[in-house]
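Input: a single structure, listed below in structure tokens.
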Amino acid sequence: MTFTAPRLLLEAVFVGGFTLTIYLAFSYLFILPEYTLLFVIGGLKHALGYFTGLQRYYCKCSHHKNVKAPTPFEIVGEGALFVVLGAVLKPIQTMPLKLFLIGFSAHIIFDVLGGHRWFCKTHCMK
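If you're matching positions, the sequence shown starts at 125 in the numbering used here and goes up one per residue.
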């Protein structure tokens, strides 16, 4: 679903903050190599966004279709996207800033490429 630029930017800031929050909580539990960490945070972000209802808000769902959970393909895909964006943002050495920017950028990229439209069509009943 494509929205107006101000709404998309506001949502992207929220997603960046959500990503940062996951990183801050997770970083105290485990120490992982950078790209492994990016992959795990990306997958967790997708799964937690689904289970907390954030994606239902985004799609304006009244309820989900028979898909009870995000698919492994979606979780792995988001993890891979985080790794790619992490490589692009490699010059940024501060991990919290990098993860905020990855979450922010991933949200905008996914919207522009139609990923959100596909997700809503696949997972939602209005």
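Glycine included, C-beta positions come from ideal geometry on N, C-alpha and C. Predicted model, so just to flag it, every value in this text is computed and none were measured.
task: Let me know if I199 comes out buried or exposed under the rule of 16 or more other beta-carbons within 10 Å of its beta-carbon.
output: Position 75 of the sequence shown, counting from 1, holds the residue named residue 199. Answer is buried; the Cβ neighbour count reaches 16.
message: Does K265 pass the burial test, meaning 16 or more other C-beta atoms within 10 Å, or should it be called exposed?
response: Residue 265 lies beyond the residue range present for the chain, which begins at 125 and ends at 250; the question has no answer from this structure.
For T195 and G166, the rounded distance between their alpha carbons: Within the sequence shown, the letter at position 42 stands for residue 166. Within the sequence shown, the letter at position 71 stands for residue 195. Those two C-alpha atoms are separated by around 14 Å.
query: Just how far apart, CA to CA, sit K214 and F163?
result: Counted from its first residue, the sequence shown places residue 214 at position 90. Counted from its first residue, the sequence shown places residue 163 at position 39. Roughly 14 Å separates the two Cα atoms.
task: Starting from the C-beta of G210, find all residues in its chain whose C-beta is less than 8 Å away, skip the five residues before and the five after it, and write them out in chain order.
output: The count along the sequence shown starts at 1 and reaches residue 210 at position 86. So the list reads E158, Y159, L162, K222, I226, once near-sequence residues are dropped.
- request: Please report how far the alpha carbon of T139 lies from the alpha carbon of I233, in whole angstroms.
  value: Here the question's residue 139 lines up with position 15 in the sequence shown. Here the question's residue 233 lines up with position 109 in the sequence shown. The sequence given here has Val at residue 139, not Thr. Looking at the two C-alpha atoms, the distance is approximately 12 Å.
- prompt: Going by Cα to Cα distance, which pick from A149, G239, F228, E135 is closest to Y181?
  reply: Translated into the one-based positions of the sequence shown, residue 181 becomes position 57. Closest option to Y181, Cα to Cα, is E135.
Euclidean distance between Cα positions of F154 and Y147: Translated into positions along the sequence shown, residue 154 becomes position 30. Translated into positions along the sequence shown, residue 147 becomes position 23. Roughly 10 Å separates the two Cα atoms.
- prompt: Roughly how many angstroms separate the alpha carbons of F197 and L132, rounded to a whole number?
  reply: Against the sequence shown, residue 197 aligns to sequence position 73. Against the sequence shown, residue 132 aligns to sequence position 8. Rounded to whole angstroms, F197 and L132 show a C-alpha spacing of 25 Å.
query: Cα separation between G239 and T246?
result: The residue given as residue 239 occupies position 115 in the sequence shown. The residue given as residue 246 occupies position 122 in the sequence shown. Roughly 10 Å separates the two Cα atoms.
- request: Round the Cβ separation of F142 and K184 to the nearest angstrom and send it over; I've been treating them as touching at under 8 Å.
  value: On the sequence shown, position 18 is the one that residue 142 refers to. On the sequence shown, position 60 is the one that residue 184 refers to. That pair is no contact at about 18 Å.
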